[in-house]
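Before any comments, here is the structure.
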Amino acid sequence: MSETYNRAWQSSIEDPQGFWGEAAKALDWTTPPSATFSEGQGWFPGGTLNTAYNCLDRHVAAGRGDAIALVYDSPVTATIRRYSYSELLAETSRVAAMLASLGVAKGDRVIIYMPMIPETVFAMLACARLGAIHSVVFGGFAALELAKRIDDAGPKVLLTASCGIEGSRTIAYKPMVDEALHLAHHQIERVVVFQRDRLHADLVGPRDLDWKALRAKTENDPIPAPVPVASDDPLYILYTSGTTGTPKGVVRENGGHAVALAWSMQNIYGIGTGDTFWAASDVGWVVGHSYIVYAPLLVGATTVLFEGKPVGTPDPGTFWRVIERHGVKTFFTAPTAIRAIRKEDPDATFLAEIGTGGCKAVFLAGERADPDTIGWLEDKSGLPVIDHWWQTELGWPAIASCFALGDLRRKRGSAGFPVPGYAFEILDESGHPVPAGHSGAVVIKAPLAPGAFRTLWNNPGGYAKNFATFDGYYETGDAGFIDEEGFVHIMGRTDDIINVAGHRLSTGQMEQIVAAVEGVAECAVIGAEDAIKGMVPIAFVVPRAGFDADPTLDKRVIAAVRSELGAVAALRTAFIAPGLPKTRSGKILRNLLRKIANGEAWTVPPTIEDPEVPKAIEQLVEHSGRA
Numbered sequence: 001m002s003e004t005y006n007r008a009w010q011s012s013i014e015d016p017q018g019f020w021g022e023a024a025k026a027l028d029w030t031t032p033p034s035a036t037f038s039e040g041q042g043w044f045p046g047g048t049l050n051t052a053y054n055c056l057d058r059h060v061a062a063g064r065g066d067a068i069a070l071v072y073d074s075p076v077t078a079t080i081r082r083y084s085y086s087e088l089l090a091e092t093s094r095v096a097a098m099l100a101s102l103g104v105a106k107g108d109r110v111i112i113y114m115p116m117i118p119e120t121v122f123a124m125l126a127c128a129r130l131g132a133i134h135s136v137v138f139g140g141f142a143a144l145e146l147a148k149r150i151d152d153a154g155p156k157v158l159l160t161a162s163c164g165i166e167g168s169r170t171i172a173y174k175p176m177v178d179e180a181l182h183l184a185h186h187q188i189e190r191v192v193v194f195q196r197d198r199l200h201a202d203l204v205g206p207r208d209l210d211w212k213a214l215r216a217k218t219e220n221d222p223i224p225a226p227v228p229v230a231s232d233d234p235l236y237i238l239y240t241s242g243t244t245g246t247p248k249g250v251v252r253e254n255g256g257h258a259v260a261l262a263w264s265m266q267n268i269y270g271i272g273t274g275d276t277f278w279a280a281s282d283v284g285w286v287v288g289h290s291y292i293v294y295a296p297l298l299v300g301a302t303t304v305l306f307e308g309k310p311v312g313t314p315d316p317g318t319f320w321r322v323i324e325r326h327g328v329k330t331f332f333t334a335p336t337a338i339r340a341i342r343k344e345d346p347d348a349t350f351l352a353e354i355g356t357g358g359c360k361a362v363f364l365a366g367e368r369a370d371p372d373t374i375g376w377l378e379d380k381s382g383l384p385v386i387d388h389w390w391q392t393e394l395g396w397p398a399i400a401s402c403f404a405l406g407d408l409r410r411k412r413g414s415a416g417f418p419v420p421g422y423a424f425e426i427l428d429e430s431g432h433p434v435p436a437g438h439s440g441a442v443v444i445k446a447p448l449a450p451g452a453f454r455t456l457w458n459n460p461g462g463y464a465k466n467f468a469t470f471d472g473y474y475e476t477g478d479a480g481f482i483d484e485e486g487f488v489h490i491m492g493r494t495d496d497i498i499n500v501a502g503h504r505l506s507t508g509q510m511e512q513i514v515a516a517v518e519g520v521a522e523c524a525v526i527g528a529e530d531a532i533k534g535m536v537p538i539a540f541v542v543p544r545a546g547f548d549a550d551p552t553l554d555k556r557v558i559a560a561v562r563s564e565l566g567a568v569a570a571l572r573t574a575f576i577a578p579g580l581p582k583t584r585s586g587k588i589l590r591n592l593l594r595k596i597a598n599g600e601a602w603t604v605p606p607t608i609e610d611p612e613v614p615k616a617i618e619q620l621v622e623h624s625g626r627a
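Per the UniProt record's numbering, the very first residue in the sequence shown carries number 1; after that it's consecutive.
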């Protein structure tokens with residue numbers, strides 16, 4: 001075991017006050033905290049600070065104004081733009097002045113419904129500067145889902161753009177905004193639209209304002225000073241899908257968030273002042289909030305904002321070009337992105353030609369990383385590929401190999417070890433710890449580390465449910481196990497444990513086997529209803545390039561699962577599909593696959609990347625007679 005990691009983790013569990021009190025010194029506080037933790041007030045009570053000031057102003061004041069803060073690389077518009085810390089501060093300040101002219105002040109909410117462009121980053125930081133609470137909604141979300149978020153957050157202003165660019169598609173945002181505002185009960189005072197060259201939006205009446213015109217109008221307005229906010233004041237609300245169909249608004253507090261992210265950059269990812277970090281995600285998701293916008297800037301690093309896809313913009317080499325072009329030191333992406341690249345370029349010819357420059361490590365999160373994908377990328381890149389795990393609720397990694405603490409221990413199929421600040425256990429249905437190697441519910445001992453959520457917006461009861469099942473623990477909703485060496489294995493959501501004729505089986509374990517079969521690019525295994533066995537597993541398999549017409553692939557998949565898990569696994573159906581229904585962040589929509597397999601009614605979710613994929617899968621299932 002890495003002694004540095006071991007000492008850090010032990011210290012964080014045995015003396016959290018001392019550990020996080022020391023970590024908090026990395027920030028500039030307007031008023032230092034009176035304590036490190038209070039049961040009633042959470043982390044760093046009594047402290048005040050401004051997150052945007054810590055991201056921008058203090059670096060400029062320290063003489064680093066000319067250092068590059070933000071690189072915008074957009075292959076879909078053939079644009080590369082760089083912003084120094086001074087320039088990013090100036091742009092953020094001007095947007096803050098725009099918002100202030102519309103009456104936005106501390107505690108007000110602002111919805112940001114925008115694509116991956118620099119103005120989106122300006123807007124998030126401008127809200128933070130004013131002490132306003134931003135809620136980023138992924139550009140392109142369906143109008144009804146946007147309306148739900150408007151009604152829950154009650155924003156004063158909505159910021160949007162005329163369009164987003166998704167691969168080869170141009171998606172008009174303004175019609176969806178207009179429909180959402182028609183559906184919503186809450187009335188927004190102003191809608192500010194950034195007009196992109198690709199598509200211009202129609203502005204309607206006095207409510208709609210042109211971004212560039214408003215900026216010009218407020219050009220001579222005074223720059224708002226950074227507003228000090230309490231450590232437990234909200235920085236943002238980020239909505240996740242709720243089990244009832246009502247989105248859950250995860251609230252992120254300023255103090256714990258800034259401390260945790262700054263610590264994680266230096267101790268997990270090995271990124272400090274002057275380094276370049278790239279998280280190939282979207283600001284609509286928690287990864288984009290934490291590791292595109294806030295964390296890199298908190299430590300004075302350079303962050304990359306990428307508008308494109310891993311394939312098709314223009315080819316499977318685009319990730320490697322960005323890494324090499326901008327000197328990325330640490331790269332963070334989703335396993336789905338790597339599987340997409342591998343599907344298009346199985347021999348990694350683009351990677352061999354372009355290389356990875358000075359990149360030191362690749363981190364994966366967002367979807368379980370199967371061992372085969374990790375092995376392929378490590379073999380082809382020569383870099384350590386580190387799977388790690390966290391959730392929107394937590395805000396930053398909870399399981400990882402802490403690369404910067406000298407801990408490069410990795411086991412394919414595991415997300416690593418508990419990150420300092422997190423104490424994990426695996427419990428059975430009665431709440432008792434299970435032996436090493438046995439599966440159960442993955443829980444984290446309360447209180448959660450700094451940066452994790454402490455409430456849901458307008459929904460304290462919903463928050464309390466996360467701690468109701470197991471007294472003293474946060475229920476992650478995931479199933480998994482901790483092996484004899486201490487590696488934590490996340491096998492999937494607890495509802496992905498299926499009961500086949502009385503036998504409890506993990507679909508995540510089956511996916512691991514299927515993914516290793518030659519010719520499989522990516523896969524999903526779900527539990528479908530069965531009149532005799534209760535449930536049976538069904539696999540959906542996307543073939544790699546060159547295996548599209550392989551008539552043996554489904555049979556080899558079934559045989560592999562039977563060989564490793566035995567006949568009890570009862571996997572007898574493997575559909576060869578053109579793709580899997582996924583969110584834009586790369587998560588496979590297994591609930592949707594379940595509905596299709598069971599012949600239930602389903603609709604195209606607002607989060608989906610390609611609405612044609614589930615329709616194609618439904619045709620496969622209907623043709624088989626399964627539905």
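Using N, Cα and C, we set each Cβ at its ideal position, and we do this for glycine too.
| Item | Value |
| --- | --- |
| Cβ contact check for the segment 313-327 and the segment 344-358: 3 or more pairs under 8 Å | yes |
| Burial state of residue 111 (16 or more Cβ within 10 Å) | buried |
| Pairwise C-alpha distance: residue 601 and residue 260 | 42 Å |
| Test item: CB-CB of residue 645 and residue 65 under 9 Å | This structure does not reach residue 645, given that the chain is present from 1 up to 627, and the question cannot be answered. |
| Three-state secondary structure (DSSP) of residue 58 | helix |
| Residues sharing a beta bridge with residue 89, DSSP | Paired residue(s): none; residue 89 is not in a bridge. |
| Spatially closest choice to residue 497 from 474, 535, 513, 469, by CA coordinates | 535 |
| Unbroken stretches of the alpha helix (DSSP H), 4 residues or longer, contained in the UniProt domain "AMP-binding enzyme C-terminal" (510-587) | 553-565 |
| Delimiting residues of the beta strand (DSSP E) encompassing residue 227 | From DSSP, residue 227 is part of no beta strand (DSSP E); its letter is neither H nor E. |
| Beta-bridge partners of residue 134, as assigned by DSSP | 110, 236 |
| Residue 320 (DSSP reduced to helix, strand or coil) | helix |
| Terminal residues of the beta strand (DSSP E) in which residue 493 lies | 488-493 |
| Bridge-paired residues (DSSP) for residue 506 | 497 |
| DSSP-derived helix/strand/coil call for residue 82 | strand |
| Under the three-state DSSP convention, the category residue 287 falls into | helix |
| Residues bridged to residue 480 [DSSP beta-bridge criterion] | 440, 490 |
| Minimum C-alpha distance to residue 479 - residue among 485, 516, 512, 438 | 438 |
| Supposed contact pair residue 239 and residue 325 - C-beta distance, whole angstroms, cut 8 Å | Actually they are not in contact, since the Cβ atoms of residue 325 and residue 239 sit about 34 Å apart, beyond 8 Å. |
| For residue 513 and residue 571, the rounded distance between their alpha carbons | 12 Å |
| Residue interval of the beta strand (DSSP E) (run including residue 621) | Segment 612-624 is the alpha helix (DSSP H) holding residue 621; no beta strand (DSSP E) there. |
| The segment 360-379 in contact with the segment 401-412 per 3-pair CB rule at 8 Å | yes |
| Alpha carbon of residue 583 to alpha carbon of residue 279, nearest angstrom | 17 Å |
| Min CB distance residue 93 to chain D below 9 Å | Protein chains in the displayed structure number just one, and chain D is not present. |
| Rounded C-alpha distance that separates residue 125 from residue 92 | 6 Å |
| For residue 363: DSSP bridge partner residues | 332, 386 |
| Span of the beta strand (DSSP E) around residue 189 | Residue 189 -> no beta strand (DSSP E), and no H or E assigned at all. |
| Same chain, Cβ closer than 6 Å to residue 472, five either side skipped, listed in chain order | 446 |
| Identified DSSP bridge partners for residue 248 | 240 |
| Whole-angstrom distance between residue 142 and residue 555, CA atom to CA atom | 39 Å |
| Residue 267 classed as buried or exposed, judged by whether at least 16 other C-beta atoms fall within 10 angstroms | buried |
| Residue 168 classed as buried or exposed, judged by whether at least 16 other C-beta atoms fall within 10 angstroms | exposed |
| Rounded distance between the beta-carbons of residue 128 and residue 109, thought under 8 Å | Not really, about 13 Å apart at Cβ, beyond 8 Å. |
| Residues that DSSP places opposite residue 165 in a beta bridge | 170 |
| For residue 9, the three-state DSSP class (helix, strand or coil) | helix |
| Pick from 533, 487, 356 that is closest to residue 327, judged by C-alpha positions | 356 |
| Beta-ladder partner(s) of residue 196, from DSSP | 199 |
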